[in-house]
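Everything on this sheet refers to the single structure shown next.
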Amino acid sequence: MAEVLEYNEDVLIKEQGYDDHFHDHHHGDKFRSGFISHYIFSMDHKIIAKQFLITGMIWAIIGAAMSIVFRMQLGFPEDSMTWIKPLLGKWIVVENGIGTLAPEFYYALVTMHGTILVFFVLTAGLSGTFSNLLIPLQLGARDMASPFMNMLSYWFFFMAGIVMFYSLFISTGPFAGGWTAYPPLSALPQASQGSGAGMTLWLVSLTLFVVSVLLGGINYITTVLNLRTKGMSLWRMPLTIWAFFVTAILGLLSFPVLVSGFLMLMCDRGLGTSFFLSEIFVNGEALPNVGGSPILYQHLFWFLGHPEVYIIILPAMGLVSEVLSVHARKPIFGYKAMVYSILAIGFLSFIVWAHHMFMSGVNPMISNFFVVFTLIIAVPSAVKVFNWITTLYGGNIRLNTPMLFAIGFVSMFISGGLTGIFLGNSAIDIQMHDTYFVVAHFHIVMGVAAFFGMFAGIYHWFPKMYGRFMNETLGKIHFWFTIVGAYAIFWPMHYIGMAGVPRRYYSFDSFDAFNDFALMNKFITIAAIIVFAVQILFVINFFYSIWYGKKMKTKNPWGATTLEWTTDIKPGHGNWEGNLPTVHRWAYDYGKDGHDFIPQYVPAQEGEKDVH
Amino acid sequence: MATDTALDHDIEVQSGDAWDGGKKPFKASYGKLMMWYFLLSDAFTFSGFLIAYGALRISSPTWPVPDFVFQTFPGGITGWPLIFVTVMSFLLIVSSVTMVRAVQEGARENRKGVVFWMILTIIGGLGFLGCQAWEWTNLIGHEHMSVTTNPFGTHVESGVYLEDANGDAYAAGATKETFEAGESYLIHKHNGDWVQREYQVTSGTDEGTRMNQEFGPKAFGALFFFITGFHGFHVFSGVVFLIIIMLNAASGVYVERKNGYEMVEKIGLYWHFVDLVWVFVFLVFYLL
Amino acid sequence: MAHENHEKAIKQVYIGLGILAVITLIEVGVSLFGKGHIIDGVESNTWVIYIAALLIIGLSLYKAKFIIYEFMHMRYEVPGLIRSVLLPVLLLVWAIIAFFLEGDYWKEKRNKVKVRNEMPAEKLVPQGMLDYEWSKEDLQ
Amino acid sequence: MTFLVVKGLVVWNEVMADVGIDEEVIEIEATGYQFAWDIRYPGPDNRLGEKDYTLIQLGINPLGQNWEDPQNHDDFIADQIYLPVGRKVRVRITAKDVLHNFYLPHFRVKMDAVPGLPSYFVFTPTVTTEDFRARLRDNANWQGLSDPEDPESLQKWEAFDYELACAELCGKGHYSMRKIVKIVSEDEYNAWLEQQNSYYMSQIRNTDNDPLKGQFLESDIKVNEKKFFEEFDNAMSSADTDDIVLPLRNINFETGSANLTNNSQYELNNLVTALTKYKDVSIELNGHTDNVGDSGVNQQLSESRASTVLNYLIDRGVSSSRLSSRGYGDRMPLETNDTEEGRMKNKRIEFKIFKKQTI
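Chains as they are written, first to last, in my numbering: chain A, 30 to 641; chain B, 1475 to 1762; chain C, 6 to 145; chain D, 5 to 363.
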C-alpha cells in the first residue's frame, strides 16, 4: 500500500505544478521504486507508450487472425475447417464431414476484426503509442500535463480490451452486426444472436474506450499547448507533433458525439425508447416503437466515424513525414503547407461524414454538399503527397527499414486515395457502395497505410524505446512481403468490387452474379495468410530485439534534429538530466550550409540565413 | 490565480510571440486548460443529443406544445405555463452566481468565504435536483408520461368531443367541448386504462369523420427524460464534486497548495457549464 | 487584489445575476406570447411564432455567451484560449443544418407514401374477382 | 477533378430524382426481412395499398396490408420481379425488421431499406433478360454447362438471370437474400400480369382474416349490376311472350326475420333502375324458404319477406300498381333440401316479369 500513498502524494504535487519536484528529484527519480509502479501503473509517458504499443500488437494479432479465419471460409468454402474446431467449438458446423464456419460466427469475426483493428489497434495502438512517446520528448517536456490521467487513459483502454475480449467467449458470441453497429440490428437481440449480451459488452467496451481516448486527448492537447520547451514555437514543432495535436482535437470533438449515439442506443436496447427504432416486426412480433429513425444513428456514428479515419491516418502521416525527412537527409518540402493541410484535413473531416451514407436513404439534396466537401479533401491530401515526393526528390536516401515503410506508406496512400475520389462521388457510389471496392479502398488507405506508418515509426523509434535496434534483415523481409502481399490482397478486391460483389457475404454460392470470382478469392486468401505470417515475423523481431538487438552506441543514431535524440539512451522519468534543452530552430535543418544536419538546440550560427 | 510556474530552465525575459515555447501561451494552468477541453468535449456530447432531438422533432408531424405540458406547479396547481421551470432556471442561475462568489473568495484566499458560498451553491444544486425530481414524479406518476408512452397529443384539425373527460357519452343537453387545430390534449388514465376520447372533425378534408385521441410522438417522452436526465446527472455529479471540494477547502488543504484554490475555480467552470447546458435544454424543451 | 477591485467585482456579479434573471423572464414572456397566452389569437400567425422563436434563440445565445464570458471568466483569458475553445463549436453549424434537413426529409418520405397512396386509382376492379366473365374495359 | 465533381453531381441528381406525380410509372414495392425479399405489385389499379406493420401476421398477411383499403384488393405478391423493358420503374423500398439494401447489381441500383422510413429508387430497365442472354452467347466465359454435375442442364448463358441481392448486413442469412429479376417485353409482361392472382382475393377474401367478410366490395357491386342488367335486358328483349322468372341473387334477410341485410340494397336498387327503364313492366315478387321448421311459419316468412321487398321498391318510387308479392313457403324448392347448399339456394326471392300484361 505504500505505493498507493506515494501516488496520492504525486498527484498532489502535480496539482501544485511539478517542475520543482523534478528539479529536486530528477536524479534517480524516487518514484521508480517498485516493479509495479515502474512498469504496470507507471505514469511515465514512455512506459505508457510501450504499454499501448504492446497491447495494440496483441490486439492486432487477434484481429488479423480473425480475418485469416473468415478469409479461409471465403476463399475455400468447400474445404473442411474441422481442424480448427478444438479452438472454435460450436462455431464450426460439421455437415457431411465438412466443417464450415457458422454464418453467425463469420459475421461476428468480421465485426470484431473491424472493431479491434479500427479502435484498439489503429487508434489506441498507433496514436496512443506515438503521441505518448513523442509529444513530451519532441517538445522538450518532462512528461504529459497530467501523468496520472495519462495512466488512467491506458487503463481505461485496457479495461475496454478486457470487456471486448470477454465478449468473444460468451455463448451467444460477440456482436455480429458490423463494426458500425447500425440499429435496428444492433438494438434488437431478437434479430441476431450477437446483438444480445455480445452487443451490450461491445457498447460497454467502446464507451470505456472513448473515456480512454478523451483522457488521452485532453492530455495531448494541453501538453502541446502548454508544455513546450523554451524556443519551441508552434512553427518549430516537428510534423509528428502537429499530426498528434490535430488527431487529439479530432478525437476530443468527435468521440463525444459517438457516445451520445451509444447512450441513445443503450436506451433503445434497455429502456424501450424509440430513438432509432420505428415500425419493426421481428420474430413474429410487432414492436411498439414508432417515430424513431435508424438513419439518425448513422449520422451520429459517422460524425465520429469520418474524423475517426483521420484519427487513424494523421499520426501515420506525421510519423512518415518525419521519417522521410530524416532518412532522405533533406528538409521536409513545404513545411507550412504540410501543417495547413493537416489542419484543413482535420477541419474538413467534420463536415463530410454523410458520404458513408449516400445509399442509406438520406436526403439526396444534402448528399450534393457532402460530395463537394468530400472531394475538397483531395486537395490537402494531394498537397501532402506532392510534398512527400518532393522531399524524396534528390535526397541522400538511406533505404533502411523505416524509410522503406515510409515510402510504402506514400505508395499505399496514393493508391487508396485515388479510389477514394471515385467513392466520394455519390453517383459512382451507387454501384460501389458496400462492395469489395470499398473494402479495398479503406483497407489500403487507412488500414495498410496506417500500418506502414506505424511500422516506419516502430523501426525508427525502437532505439529510443529500448536502446537497441531491430534486426534490419528481418525488417526488410517484413517490408517486401508486406507491400507485395498487401497489393496482392487488395488490388484484386477493387476488381471484384467494381463487378458489384457486395462485402460481408458469407458465401457467394446463391448468386450467379457474384459466384464467378472463386479463384480470385482463393488468391486473396493465400496472400492474406502469407502477409499474416510475415507479421508474426515482425513480432518475433520486435521481442527478440528488445533483449538481444544490436545495442545503441550513440544518442542520435539516425542523425535526427529533433529533441528526443538528445536524451540519454535510456532516459528516466523526466527525460532530461539537468535542464531542458532550448530550441533555436525548426526541426528540419538537414543538409544546410554544408552540415549534414543541425539539431534543434543549436543556436543560430553567425551569418546563418533562414533560421526558422 | 494559479501560480505561473514555468519549466525548470531559466526563463529569460521573452519578447517574442505568445506562441513561443518555454512559457504558458494561454497563461492558464494545465488543470484549467484540461477542464476547458473536457467541457468542450462534453459540450459536443450534449450537442449530439440536442441535434438528434431537433432532427427527431422536425421529423414528427406534430409535437406537444411545451406550455401545455409544463403547466403544473407543486400543490396541485395547473394552468401556470412554464412557471415552475422558470423557478428551476432561477435556482440554477443563482447557484451559478454563488459559485462565482466562491471562486472570488478563493482568489482572495478567504477560506471561510469559499466554504460559505460553496455551501450555498450546493444548496442551489440540490434544490434544482429536487425540483427536477418533483417534475419527473408529476409527469410519470400523475400524467403517465414515460419513455415509451407520450400521452400529450396535438389536434391537427378542429372538432368537437363526443365524450366527456371520463370517456362517457355526453348527457343530453350538455354543452359539448370544442377544440381547434394545434390545441394539445392529455390522454388520461382511468382505472389503469387509457381514455382516448372520441371526437368529430369539423374542418378540413376529413370533416365529419369520427376519430379518437391519439398518443403524441413517442420520441418526446424519451428525449425529454433522456436529455434532462443526462443534464440532471451532470448536476448531481457536480454537487458531489462540490461537496468534496468544499470539504477539502474547509479542512484547509488548499491553503498550503501553491496554486491555492484552483480546484474551486475548476469545479466552478464545471458548474457554470452545467448552467450553460441548461440554457439550451430550457430553450429547446420549454421555450420553443 | 485590491479592495475596491474586489468590491467592484462583487457588484458586477450581482449585476450579472440581474441580467440573467431579466433575460430569462423576457424569454418566458416571449415564449408565452408566441403561444398566444398573453394576447389570444396571435399564435395563428405563423410569423409571430417564427419571430418569437428567433428572439428566444437569440436571447439564449446571449445568455450562453454571458455565462461563458463573465461567470467562466473567458473574458479574462488570452485570445488563443478563447479561440481554441469556441471555434470548434462552429463545426456544429453544418451538423445542425444537415441533421435538420435530414429530419425534414424523414417526414417528407413518410408523407410521400401517403400522398402516393391517396392518388386516384387508374382502374377500379381487381382481376380474378369472381367466376363471372368480364373484361376490364367493361368495368372502367 | 472539377469535371468529375460537376458531372458526378449532375448524374446523381438525375438518378435520384423522384418521378413527377402524374408521370406514368410502374410502382412496385420491395420489402426486406430476415432473410428474403417480398415483392408487391400494385395490380390493375396501379396503386399500392396502405400498409401498417401492426397488421402483419406471418403466413396470413406478410406485409401488413390494410384490407379495408380497396387499393390493396388487387395487389399481388410475386415470387420474381417481372418488369417490362423501357418502362420507368419506381421501387418503393421498405424493411420489416432491420436494415436491408435493395441491390440490383446489373442495374446499378442500390438503396437501403429502412424500417419505418420508406425509401425509393427510380430506374428504367433497358435490356431484356433474353437479349442479355443473346449477348452472352458468344462470350467464352459463358459457355459450358450451368450445372457441371448435370449433363442436361442449360448452357451458362442460357441460365443467366438478373438478380436482386441485399447489400446491407442484416444478420446471419444476409448473403442469401436472392430474388430473380426478369426483364421482358411489354406483351410478355402483360401476359404475366394476367396470370397473377390478387393476394387478397385468393387468400384473404371472406376468410376469418378478412375485416370485410360478408360485405360487398365496390367491384362486386359493379359485377352484380352488370349481371343483373344483362339478364333483365335479355328477358325483355327475348321474343318469348311467357312470363319470365328471374332470381334476385344478392338479397339476404336476417335469419328468421323479414329484415333486409345491408348488402341487399344494391340488387334492389338495380331492380328499381330496371323498372324505371322499362316503364310498362309489372312484376310479382316471390318469396321462398327451405323446409326447416314449421311450414306454416315458413309460409308466413316467405310472404312477409316478399312484401318487405315490395315495400322497399315502393319507397323508392316504383308505382305500387306495377308490383305484387306472393309467398310460396317451402313448396317450390329449386334443389334438394337435404344439403346445406341446396337449402341455401332454396331460400330466395325471385321476381316474375309479366310480359303479356302491360300497363
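Glycine included, C-beta positions come from ideal geometry on N, C-alpha and C.
Every value quoted in this text rests on a predicted model; they were computed, and no experiment measured them.
Here the alpha carbons of V381 (chain A) and D154 (chain D) stand approximately 52 Å from one another. For the 9 Å CB-CB criterion, S389 (chain A) and E172 (chain D) form a contact.
Secondary-structure assignment with DSSP links R352 (chain D) through a beta bridge to D:H292. With the criterion set as a beta carbon lying under 7 Å from some beta carbon of chain C, the region 1631-1655 of chain B has no members that meet it. Within the DSSP secondary-structure output, Y37 (chain D) pairs in a beta bridge with D:A40.
By the Cβ rule, the region 602-611 of chain A counts as touching the region 170-178 of chain A, because three or more pairs are nearer than 8 Å. Taking C-beta separations shorter than 8 Å and ignoring five residues to either side along the sequence, the partners of S36 (chain C) in its chain run A57, I61, following chain order. In the DSSP assignment, the residues bridged to A82 (chain D) are D:I43. Within the same chain, and ignoring the five residues on either side of S410 (chain A) in sequence, the residues whose Cβ sits closer than 6 Å to its Cβ are G446. The region 1684-1699 of chain B and the region 1725-1742 of chain B do not touch, with fewer than 3 CB-CB distances between them shorter than 8 Å. The beta carbon of G1601 (chain B) does not come within 9 Å of any beta carbon belonging to chain C, so the residue lies off that interface. By the neighbour-count criterion, in which a residue is buried when 16 or more other Cβ atoms sit within 10 angstroms of its Cβ, R352 (chain D) is buried.
Residues of the region 266-281 of chain A with a C-beta less than 8 Å from any C-beta of chain B: L281, listed in chain order. Close partners of P155 (chain D) in chain C (Cβ separation under 9 Å) are lacking, with about 41 Å as the shortest Cβ gap. Per DSSP, reduced to three states, the secondary structure at R253 (chain D) is coil, with no helix or strand assignment.
E31 (chain D) places its beta carbon 9 Å or farther from that of R112 (chain D).
For A407 (chain A), the chain D residues whose Cβ falls inside 8 Å of its Cβ are M5, in order along the chain. Residues of the same chain with a CB within less than 8 Å of the CB of A383 (chain A), apart from the 5 flanking positions on each side, are H328, W331, V391, I395, S396, F399 in chain order. In this structure, V338 (chain A) sits away from S370 (chain A), with a CB-CB distance that is not shorter than 9 Å. By the rule that beta-carbons nearer than 9 Å mark a contact, V126 (chain D) does not touch chain A. Around the CB of D116 (chain D), 16 or more other CB atoms lie within 10 Å, so the residue is classed as buried.
K114 (chain C) has a beta carbon lying within less than 9 Å of a beta carbon in chain A. Identification of chain A residues near M20 (chain D) by a Cβ-Cβ cut-off of 7 Å yields P393, ordered along the chain. Neighbours of V1621 (chain B) across chain A, judged by C-beta separation under 9 Å: C296, L300, G301, T302, S303. Apart from the 5 residues on each side of it in sequence, L103 (chain A) sits with its Cβ closer than 7 Å to the Cβ of N550, T554 in its chain, given in chain order.
S455 (chain A) sits in a helix when the DSSP states are folded into three classes.
With respect to chain A, the C-beta atom of D151 (chain D) has no partner C-beta closer than 9 Å. The beta carbon of V275 (chain A) is closer than 7 Å to those of L343, I371, L372, G375 in its chain, skipping five residues each way along the sequence. Contacts with chain C (Cβ-Cβ distance below 8 Å) from the region 326-348 of chain A involve H328, F332, listed in chain order.
Contact between the region 130-141 of chain A and the region 199-216 of chain A is present: three or more C-beta pairs spanning the two stretches fall below 8 Å. Boundaries of the beta strand (DSSP E) harbouring G620 (chain A): 619-621, taken from the DSSP string.
The criterion of a C-beta distance shorter than 9 Å is satisfied by T132 (chain D) and V89 (chain D). In the DSSP assignment, K638 (chain A) falls outside any beta strand (DSSP E), carrying neither H nor E. When DSSP assignments are scanned along the region 85-138 of chain D, the uninterrupted stretches of beta strand (DSSP E) that are 3 or more residues long and fall wholly within it turn out to be 85-88, 93-99, 104-108, 113-117, 123-127.
Neighbours of D109 (chain C) in chain B, taken as residues at a C-beta separation under 9 Å, are given in chain order as A1529, I1532, S1533. When the five nearest sequence neighbours on each side are left out, the beta carbons in the same chain lying within less than 8 Å of the beta carbon of N454 (chain A) are those of V400, L404, in order along the chain.
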